[in-house]
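Novice:
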Amino acid sequence: MKTHYWSRLERWSARWVRWHTALVLLFLVAPILIIMPLSFNSTSYFSYPMTGVSLRWYETVFTDGQWQRAFLNSLGIGFASTLLATVLGTLAALGLSRASFPWRGVVMPLLISPMITPIVVVAAGFYYVFAPLGLVDSYLGVILAHAVLGTPFVVITVCAALQSFDHSLTRAASGLGARPWVNFRRVTLPLIAPGVATGAVFAFATSFDEVVVVLFIGGSEQRTVPRQMWNGIRDQIDPSILAVATLLILVVLALYACTSWLSKRHSGEIPE
Amino acid sequence: MPEPQAYAALAHSLVAASASDELGSAARRLNFYDPSMRSLLLKTVRKVKGRDSDDWSVTLPEIDRRWADMETWRVLKRAAQSPTADYLLAALDHRVDSTGAVVEMPREESIYLQAFLRTIGISASVTLICLLLAYPVSWLLANLPTEKSKRLMLLVIIPFWTSLLVRTTAWYVLLQPNGVVNSLLSGLGLVSQPLQLMFNRTGVLIGMTHIMLPFMILAIYSVMKGISPVYLRAAQSLGAKPLTAFVRTYIPQTLAGVGAGCFLVFVLSLGYYITPALLGGAGDEMISQLISVQTNQQLNWGLAGALSTYLVIFTGFFYFVFNRLVGIDRLRFG
């Protein structure tokens, strides 16, 4: 009797877990799935049933000078800051991975702290530091700030890649007469390349999605896509924002495909 | 009262400051102590300009009686001190009164302590909701066959990767009074009139939970994935009831993941800005929004700095504890 009762409880809880999971996953995906079709709505209503299918909001986005500029800005700032973050983060990770590195337990959390520090505090900090240097309302300022935000991701992924790195390889190479630069270029870099690339994708995604720093230190010249969306939501929201959102979701899917491909090439070091 | 030279010096500096556009920042600094100082300075400058006086210690009180008041001069003296603890006190709704004692601000002016408490409250609620929603999901994903769980995992990862602003926009659209959620609810006959789902706490909690939930699921999942089912079976074969076995042997093994997830969600929520700014109402301002207002609108950098200091110290405390207990290297972002 007792066992019967417990097995029923088990069956009941297994069913409950399935339903719970289904609902939670629906909660996570539904908003994204629901807004994509609405971007094709022929009228500016945000509700179903749709009145008709049209590409007019996409036309608005692609012909509007402000959106064009925003996309160019986002790409330019994204690539420049990613390049900076990747170089700096990789160098930092190479240094940190040496056994002789002093104060590793202090330096590592400090390097990762931009990830945890409240973004508004970081942005306000950049404002105070950049204002006297004339970097507020400038491309250089936004690029430098985004590079700071992206660097921790590169440090983490390259450190992870270096954990499985066999240091006897570099010793062997230098034993055979390779200079440090050749050693790095021909031995270390090819082996940690997937980690570097994964970090770079994260850094790019961070910059591409960032709005608070741009709000604080960017001027109207430096408007990025998220910044333009922020304005759109606050002023007069219309489905052209949903068209941009749909485009961004496609970008994300492409970036995600990139990292899964990278992690397949070099399994075990991509975070999730 | 000050010497007559002080009056003369003040009159000359005011005119000089007005000529070099520095009067505004001085007025702002003084207004911080006494909201009537700005108008007093502007009025004085206007009347002093183009006027000469043999004895400014008579003329200034003639222009405005407040220059004969000791309190006005005390404010000037206090504002000249640097460094000052005034901003750090103001960020906790306290100030120094004219006798130099630290006193609480009047209730109607005290907003920051409440905002800190509200921020902690919202972050804690989001953390708890995420934990309750995520635990069973992580359990199922960790115990399904690999192929199936990989496919379901995509449903967690894709929203996770989707731009924060895109997801907030989605909720902004869905939660409107005549939006998808409300028309669904009324279509099902669950509500007779549209629910107010945004510009209030409900909107903030829905939006933030949606953004934080993947962190929690992934953190707990990564730990559950490594737990061998052997322990659970051993406990049961030793006579433990399934529920007891689960609570006493399984849950303790997942605590590292639960801790990591809760830490991440709580700390990231503390500094949240975009979602509460777009989905919240007048009563849901989190501390980040107040920092932003002080930096960008009020231009009160001292106060913004003080608020930031408290927020960073509070966040840093959790960061430190987490680093000690779990190790920041173990944090995996995706």
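Listed in order, the protein sequences are those of chains A and B. Sequential numbering of the first sequence, starting at 236, is according to my numbering. Sequential numbering of the second sequence, starting at 71, is according to my numbering. The beta-carbon is built from N, C-alpha and C at its ideal position, and this holds for glycine as well. Quick caveat: nothing in here was measured; it's all calculated off a predicted structure.
State the CB to CB distance for the pair Leu234 (chain B) and Asp444 (chain A), rounded to an integer number of angstroms; the pair is presumed to be in contact (CB under 8 Å).
Specialist: With a Cβ gap of about 6 Å, Leu234 (chain B) and Asp444 (chain A) count as contacting.
Novice: Less than 7 Å between CB atoms is the rule here; does Leu348 (chain B) satisfy it with respect to chain A?
Specialist: With 7 Å as the cut-off, Leu348 (chain B) counts as an interface residue toward chain A.
Novice: What does DSSP give as the partner residue(s) for His164 (chain B) in the beta ladder?
Specialist: In DSSP, His164 (chain B) forms a bridge with B:Glu174.
Novice: Between the beta-carbon of Ala265 (chain A) and the beta-carbon of Ala438 (chain A), is there less than 7 Å?
Specialist: Their beta carbons are not under 7 Å apart, which means Ala265 (chain A) does not touch Ala438 (chain A) by this criterion.
Novice: According to a CB-to-CB cut-off of less than 9 Å, which residues of the segment 319-351 of chain A neighbour chain B?
Specialist: Hits within the stretch, in order: Gly340, Met343, Pro344, Ile347, Ser348, Met350 and Ile351.
Novice: Would you check if the distance between the CB atom of Thr319 (chain B) and the CB atom of Leu302 (chain B) is smaller than 7 Å?
Specialist: Taking 7 Å as the Cβ cut-off, Thr319 (chain B) and Leu302 (chain B) qualify as a contacting pair.
Novice: On a Cα-Cα basis, can you pick out the residue from B:Tyr157, B:Val128 and B:His280 that is closest to Pro74 (chain B)?
Specialist: When each option's Cα is compared against that of Pro74 (chain B), the closest is B:Val128.
Novice: Whether or not the segment 229-247 of chain B and the segment 264-284 of chain B are in contact is what I'm after, with contact meaning three or more pairs of Cβ atoms, one per stretch, closer than 8 Å; do they touch?
Specialist: In short, these stretches touch, since the Cβ pair count reaches three.
Novice: From this set, B:Leu369, B:Tyr389 and B:Ser362, which residue's C-alpha is nearest Ser378 (chain B)'s C-alpha?
Specialist: Considering only alpha carbons, the answer is B:Ser362.
Novice: Looking only at its chain, what residues have a beta carbon closer than 6 Å to the beta carbon of Val390 (chain A), apart from the 5 residues adjacent to it on each side?
Specialist: So the qualifying residues of the chain are Gly324, Ala327, Ala328 and Leu346.
Novice: Give the range of the alpha helix (DSSP H) segment to which Leu329 (chain A) is assigned.
Specialist: Looking at the DSSP string, the run of the alpha helix (DSSP H) that includes Leu329 (chain A) is Gly300 to Leu331.
Novice: Can you tell which of B:Asn370, B:Phe387, B:Phe392 and B:Asn393 has the C-alpha that lies nearest to the C-alpha of Ala161 (chain B)?
Specialist: Closest option to Ala161 (chain B), Cα to Cα, is B:Asn370.
Novice: Please name the residues in the segment 355-368 of chain A whose beta-carbon is closer than 7 Å to at least one beta-carbon of chain B, in chain order.
Specialist: The segment 355-368 of chain A vs chain B, Cβ under 7 Å: Val355, Val356, Ala359, Tyr362 and Tyr363.
Novice: From the DSSP output, in three-state form, read off Gly503 (chain A) for me.
Specialist: Since pLDDT at Gly503 (chain A) reaches only 48, below the 50 mark, its modelled position is unreliable, and the value read off the structure follows with that caveat. In the structure shown, Gly503 (chain A) sits in coil (DSSP, three-state: anything other than H, G, I, E or B).
Novice: Beta-carbon within less than 7 Å of Thr295 (chain A)'s beta-carbon, same chain only, minus the 5 sequence neighbours each way: which residues are those?
Specialist: Ser475.
Novice: Looking at the secondary structure, which residues open and close the alpha helix (DSSP H) in which Gln75 (chain B) lies?
Specialist: Per DSSP, Gln75 (chain B) belongs to the alpha helix (DSSP H) from Pro74 to Ala89.
Novice: Hey, out of A:Ser409, A:Phe297, A:Phe275 and A:Ser279, whose CA is closest to Ser289 (chain A)'s CA?
Specialist: Residue A:Phe275 is the option with its Cα nearest to Ser289 (chain A).
Novice: Of all the CB atoms in chain B, is at least one closer than 7 Å to the CB of Gly503 (chain A)?
Specialist: Its pLDDT being 48, under 50, Gly503 (chain A) is placed unreliably by the model, and the measurement read from it follows with that caveat. Not an interface residue.
Novice: Just to confirm, are Ser316 (chain A) and Ser442 (chain A) a CB contact at a threshold of 7 Å?
Specialist: Yes, they are a contact pair.
Novice: Just the chain A side, please: which residues come within less than 7 Å of Leu308 (chain B) by C-beta, in chain order?
Specialist: Going along chain A, no residue has its Cβ under 7 Å from Leu308 (chain B), so there is no contact; the nearest lies around 15 Å.
Novice: For Arg370 (chain B), write down the residues that DSSP places opposite it in a beta bridge.
Specialist: In the sequence as displayed, the identity of residue 370 (chain B) is Asn instead of Arg. Answer is none; Asn370 (chain B) lacks a bridge partner.
Novice: Let me know the secondary structure DSSP gives Asn276 (chain A) once reduced to three states.
Specialist: In this structure, Asn276 (chain A) counts as strand in the three-state DSSP scheme.
Novice: Looking only at C-alpha atoms, which of B:Tyr77, B:Glu178, B:Trp126 and B:Leu214 sits nearest to Ala249 (chain A)?
Specialist: Ranking B:Tyr77, B:Glu178, B:Trp126 and B:Leu214 by Cα distance to Ala249 (chain A) puts B:Leu214 first.
Novice: In angstroms with no decimal places, state the Cα-to-Cα distance between Asn101 (chain B) and Leu84 (chain B).
Specialist: Cα to Cα, Asn101 (chain B) sits roughly 16 Å from Leu84 (chain B).
Novice: What residue ranges within the segment 100-133 of chain B form continuous alpha helix (DSSP H) runs of no fewer than 4 residues, ordered along the chain?
Specialist: If we require 4 residues or more, the alpha helix (DSSP H) runs fully inside the segment 100-133 of chain B come out as 107-118 and 126-133.
Novice: In whole angstroms, give me the CA-to-CA distance for Ile267 (chain A) and Met350 (chain A).
Specialist: If I take the Cα positions, the gap works out to 25 Å.
Novice: Bridge partners of Val479 (chain A), per DSSP?
Specialist: DSSP lists no partner for Val479 (chain A).
Novice: Below 8 Å on C-beta distance, what does Asp444 (chain A) contact in chain B?
Specialist: Per Cβ cutoff of 8 Å: Ser233, Leu234 and Leu235.
Novice: Go through its chain and collect everything with a Cβ distance to Ala432 (chain A)'s Cβ below 7 Å, but skip five positions before and after it.
Specialist: Counting only Cβ-Cβ distances below 7 Å, and skipping sequence neighbours, we find Leu497.
Novice: Between the segment 131-145 of chain B and the segment 92-109 of chain B, are three or more C-beta pairs nearer than 8 Å?
Specialist: Taking 8 Å as the limit for Cβ pairs, the verdict is that the segment 92-109 of chain B does touch the segment 131-145 of chain B.
Novice: Would a C-beta distance cut-off of 7 Å place Phe400 (chain A) and Leu426 (chain A) closer than the cut-off?
Specialist: A contact, by the Cβ cut-off of 7 Å.
Novice: Which residues does DSSP list as the beta-bridge partners of Val288 (chain A)?
Specialist: DSSP, once it has assigned bridges, lists A:Asn276 as partnering Val288 (chain A).
Novice: List the residues of chain B that Ile267 (chain A) touches, going by C-beta distances under 9 Å, in chain order.
Specialist: Going along chain B in sequence order, the residues near Ile267 (chain A) (Cβ under 9 Å) are Ile228, Pro229, Thr232, Val236, Arg237 and Ala240.
Novice: Beta-carbon within less than 7 Å of Val250 (chain B)'s beta-carbon, same chain only, minus the 5 sequence neighbours each way: which residues are those?
Specialist: Hits under 7 Å: Leu244.
Novice: Taking only beta-carbon atoms, is Tyr491 (chain A) less than 7 Å away from chain B?
Specialist: Yes, because at least one Cβ of chain B sits closer than 7 Å to the Cβ of Tyr491 (chain A).
Novice: Tell whether a beta-carbon distance below 7 Å holds between Val236 (chain B) and Leu349 (chain B).
Specialist: Going by C-beta atoms, Val236 (chain B) is not nearer than 7 Å to Leu349 (chain B).
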